[in-house]
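Input: a single structure, listed below in structure tokens.
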Amino acid sequence: MGSLFRSEEMTLCQLFLQSEAAYACVSELGELGLVQFRDLNPDVNAFHRKFVNEVRRCDEMERKLRYLEKEIRRDGIPMLEIPGECPEAPQPREMIDLEATFEKLENELREVNQNAEALKRNYLELTELKHILRKTQVFFDEMADPSREEEQVTLLGEEGLMAGGQALKLGYAD
Numbered sequence: 004m005g006s007l008f009r010s011e012e013m014t015l016c017q018l019f020l021q022s023e024a025a026y027a028c029v030s031e032l033g034e035l036g037l038v039q040f041r042d043l044n045p046d047v048n049a050f051h052r053k054f055v056n057e058v059r060r061c062d063e064m065e066r067k068l069r070y071l072e073k074e075i076r077r078d079g080i081p082m083l084e085i086p087g088e089c090p091e092a093p094q095p096r097e098m099i100d101l102e103a104t105f106e107k108l109e110n111e112l113r114e115v116n117q118n119a120e121a122l123k124r125n126y127l128e129l130t131e132l133k134h135i136l137r138k139t140q141v142f143f144d145e146m147a148d149p150s151r152e153e154e155q156v157t158l159l160g161e162e163g164l165m166a167g168g169q170a171l172k173l174g175y176a177d
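So the sequence shown is numbered by my numbering: it starts at 4 and just counts up by one.
Right, dumping it as structure tokens:
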């Protein structure tokens, strides 16, 4: 197998392929790794090319795969990596299945991330409320202590102490 350096001998060829066989031929040539393609229509806008929809679908699938890989790496999940091995190009009929699988995985992962964030927020809110209840329980326990009547009078006033004596007996349980 050669490489595409300037010092190597090369041959310029022009291929004419039928539309039906183009995908299979190009994928086989690409897997060999011995071909370099030249654009013979550089003036044509990328959106006016024949296979622009397929390229967009591949770009979108690649984006989804990058997102999945980033999330897997972030969570520290080991991945099987085979260096130097490129998978074969899937057949067009397999592309639809791959696209649906990637879409499903991306949606499920986004939902899991949203649920994890909601759970974390709920946990923090509940922890905060638990600490508030503990502090108020300590406050009410101190206020219910008969030896601290002078502080109670200062905080509540004599009328409040008479009317609110029942309120000081309230307590919160964890």
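We put the beta carbon where it would ideally sit given N, CA and C, even for glycine.
The model shown is predicted, which means the values in this text are computed figures rather than measured ones.
Whole-Å CB distance - residue 92 paired with residue 34, under 8 Å assumed: Contact between residue 92 and residue 34 is confirmed by a C-beta separation of about 7 Å, below the 8 Å threshold.
Per-residue burial, residue 67 [other beta carbons within 10 Å of its own, 16 or more giving buried]: buried
Inter-residue CB distance, residue 109 and residue 70 (contact presumed, cutoff 8 Å): Contact check for residue 109 and residue 70: beta-carbon distance about 6 Å, within the 8 Å limit, so the pair qualifies.
Contact set for residue 101: own chain, Cβ-Cβ below 8 Å, skip 5 residues either direction: 64, 93
N-terminal and C-terminal residue of the alpha helix (DSSP H) that residue 103 is part of: 95-147
Three-state class that DSSP yields for residue 67 in the structure shown: The answer is helix: DSSP assigns residue 67 an H, G or I state.
Inter-stretch contact at 8 Å, needing at least 3 Cβ pairs: the stretch 79-98 / the stretch 39-47: no
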